[in-house]
Amino acid sequence: MHNQSVHIHFVRVTLANARAQHLDTDALLARCGIFPQLLQLEDARVNARQFADLQTAVMRAMEDEFLGYGARAVRLGSWSVLCHWLIHSRFLGQTIKRFCHFHALMERGFDARLRMTKNTAAVEVAPWATSNKPSVYGYELFLFTFHRLLCWMTREKVPIKRMNLPYPMPGHHREYQYMFRGCPVYFDQDSCSISFQRSLLALPVRQNPASLAEFLRQPMYEIIVQDYDRSSWTARVRELIAHDPAGAGSLSEIARRLGTNDYSLRRRLAKEGYAFIDLKREVKRDLAIHLLARHRHSVEEIAFKTGFSEASAFIRAFKQWTGVTPRTYRKESRR
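Quick note on numbering: the sequence shown equals residues 1 to 335 in full-length UniProt numbering.
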């Protein structure tokens with residue numbers, strides 16, 4: 001899903017520690033085509049490329065790959081060293097063990113330890129310095145990049161069995177549906193862990209040094225937009241809508257194309273944590289943001305491409321999604 005968009009909350013927390021170090025955050029935003037006024041809007045979004053570029057720029061400016069969310073800075077190049085070691089793993093289990101060992105040697109950011117029972121493999125995560133209480137985003141960043149790295153290594157959606165988080169449900173918790181592929185998430189837990197079916201440890205690693213070199217050219221972007229989830233009902237519906245937003249049709253039409261009926265499709269989507277109307281809205285929203293930021297189509301053309309019969313209806317919808325009109329978004333994102 002290269003049209004994926006990112007909630008403005010994550011832009012704010014990416015910049016939080018850079019601002020505390022008195023870095024020029026407006027300049028960092030401008031370099032990535034994000035206008036500062038978006039930070040004041042509750043539901044604004046940026047496209048995946050803008051967000052990935054911002055994360056990379058802030059890491060370099062801070063000289064910290066963990067964006068200031070650890071007790072000590074994670075030196076630039078640490079991620080590359082980790083990936084070059086992991087790429088020689090044969091199976092997912094070996095990848096996870098090496099990942100944990102690497103962080104034990106680093107003594108920066110988070111410690112990660114693999115615990116196994118008969119049917120479950122759980123990675124327990126805790127900050128290295130006991131006096132350091134990482135913010136919510138510290139946990140989110142670590143867990144998100146860890147899980148996406150496992151998916152990249154195997155070229156599969158590695159399903160999460162359960163995720164325990166040691167903080168209350170945040171206001172942006174709906175974003176977890178995309179971030180963690182709809183896995184069961186439990187808040188206010190005594191500790192942090194991410195669990196998988198133990199049998200998944202036997203999954204083969206399907207990447208190699210050549211593909212790693214390509215991945216490391218833009219790792220943050222590749223992690224955000226990777227799409228190995230093609231078998232779930234959510235993914236199948238999303239793909240049909242994304243292929244032709246203007247002609248995707250109703251729930252009944254999508255159900256027919258997938259060889260099922262309205263009731264069954266609605267129930268299957270609900271089981272995966274989604275509703276059809278939300279999927280349709282998200283696909284249209286993310287495509288609109290992508291086209292406005294990356295292409296020269298007129299607002300009227302984008303309205304048509306995203307399935308609106310009139311530009312005025314599209315403008316109203318876009319303002320509900322982001323807090324600004326399409327023309328304002330385009331103007332500011334290209335400054």
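All C-beta atoms, glycine included, are put in the ideal place defined by N, C-alpha and C.
For histidine 173 and histidine 9, the rounded distance between their alpha carbons: 11 Å
Alanine 104 classed as buried or exposed, judged by whether at least 16 other C-beta atoms fall within 10 angstroms: exposed
Element boundaries [alpha helix (DSSP H), containing threonine 120]: Segment 120 to 127 is the beta strand (DSSP E) holding threonine 120; no alpha helix (DSSP H) there.
Own chain residues within Cβ distance below 6 Å of isoleucine 241, not counting five before or after: Ala248, Lys280, Val283
Residues near arginine 108 by beta carbon distance below 6 Å, same chain, minus five either side: Gly70, Arg72, Val74
Enclosing alpha helix (DSSP H) for asparagine 261 [first to last residue]: Premise fails: asparagine 261 is in no alpha helix (DSSP H) and is neither H nor E.
Simplified DSSP assignment, three categories, for methionine 179: helix
Selected residue, minimal CA-CA separation from glutamine 189, among Ile315, Arg294, Asn164, Lys97: Asn164
C-beta atoms of threonine 234 and glutamate 175 nearer than 7 Å: no
Pair within 7 Å by beta-carbon distance, leucine 258 and phenylalanine 276: no
Local Cβ density within 10 Å of valine 81, reported as buried at 16 or more and exposed below that: exposed
Residues of its chain near alanine 18, where Cβ-Cβ distance is below 8 Å and the 5 sequence neighbours each way are ignored: Thr25, Leu28, Val58, Ala61, Met62, Leu67, Gly68
Minimum length 3: unbroken beta strand (DSSP E) runs contained in the segment 147 to 227: 162 to 164, 192 to 197
Expected contact under 8 Å - CB spacing of leucine 86 and leucine 201 to nearest Å: Contact flag wrong, Cβ pair sits at about 14 Å.
Simplified DSSP assignment, three categories, for valine 324: coil
Exposure label - glutamate 140; buried when at least 16 CB within 10 Å: buried
Cut-off 7 Å between Cβ atoms - residues of its own chain near arginine 31, not counting five sequence neighbours on either side: Ala57
Threonine 322 versus His295, His290, Ser298, His297, residue with shortest Cα-Cα distance: His290
Local Cβ density within 10 Å of threonine 117, reported as buried at 16 or more and exposed below that: exposed
Rounded straight-line distance, which links the Cα of arginine 49 to that of histidine 7: 13 Å
Residue span of the beta strand (DSSP E) that contains histidine 7, given as start and end: 5 to 7
Range covered by the beta strand (DSSP E) that runs through alanine 112: 110 to 116
Arginine 49, DSSP secondary structure in three states: helix
C-beta atoms of methionine 169 and phenylalanine 144 nearer than 7 Å: no
Assigned secondary structure, phenylalanine 91 (DSSP; H/G/I helix, E/B strand, else coil): strand
Whole-angstrom distance between glycine 138 and tyrosine 167, CA atom to CA atom: 11 Å
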